[in-house]
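Engineer:
Residue numbers (this note's numbering): 22 to 176.
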C-alpha cells in the first residue's frame with residue numbers, strides 16, 4: 022500500500038474505501054477457480070463466480086471499514102479456505118490489495134470468536150447493505166432481517 026493510500030485511509034476515508042473496493046473487485050484468480058471446479062466444490066462456473074465475488078466483497082468490507090466481521094457463508098468460506106492453501110498467491114493478494122495479511126479466524130466450538138469480541142452478524146449486514154445494497158442468498162440472510170435491522174437503527 023503506497024503512502025497516498027495510507028494518507029487517504031486516515032484523512033479521506035470514503036475515497037480510501039472506494040479505491041480499496043475497486044482494487045479488490047478487479048482481482049481475478051483463475052488458479053482458484055480451476056482448483057475449486059476440479060474438486061467439485063462448486064457445480065459450475067456460475068456458482069464459483071458468485072462465491073468468489075462475495076469473497077472479494079467480504080474482504081473488501083473487512084479492509085475498507087477496518088473491522089473484523091463474522092463469515093456467514095459456508096460457500097464463501099470454501100473459497101477463502103482454498104485460496105489460503107495457495108499460500109504465495111494469497112500472501113500477494115493480501116499485501117497488494119488489502120495492505121496486510123488477513124488471517125482466517127476459525128469458528129470456536131464455544132461460539133463465534135468474533136461475536137465474543139463484539140463483532141456481529143448485524144455489523145456485517147449493516148456494512149454490506151450500506152456498501153453493496155441487497156444481500157445475495159449465498160449469505161443466508163433474509164430480506165426481512167435487513168429491514169428489521171434498519172428499522173431498529175432508525176429508533
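Built from N, CA and C at the ideal position, the CB exists for glycine as well.
1) Using a Cβ-Cβ cutoff of less than 7 Å, which residues in the same chain neighbour residue 118 once the five nearest sequence positions on both sides are dropped?
2) Indicate whether residue 97 and residue 79 have their beta-carbon atoms separated by less than 7 Å.
3) Measuring alpha carbon to alpha carbon, tell me which of 36, 156, 55 and 38 ends up nearest residue 4.
4) Measuring only the C-alpha atoms, how far is residue 153 from residue 94?
5) Is the CB-CB distance between residue 38 and residue 85 below 7 Å?
6) Out of 156, 160 and 147, which one is the CA nearest neighbour of residue 173?
7) In the DSSP assignment, find the alpha helix (DSSP H) that holds residue 108 and state where it starts and stops.
8) Does the distance from the CB of residue 156 to the CB of residue 75 come in under 7 Å?
9) Where do the N-terminal and C-terminal ends of the alpha helix (DSSP H) with residue 40 fall, by residue?
10) Kindly indicate which three-state DSSP category residue 70 falls into: helix, strand or coil?
11) Under the rule that 16 or more other beta-carbon atoms within 10 Å means buried, what is residue 77, buried or exposed?
Structural biologist: So, from the listed chains and residues:
1) 44, 45 and 48
2) yes
3) Because the chain here runs from 22 to 176, residue 4 falls outside it and cannot be looked at.
4) 16 Å
5) yes
6) 147
7) Segment 108–114, the alpha helix (DSSP H) holding residue 108.
8) no
9) 34–47
10) helix
11) buried
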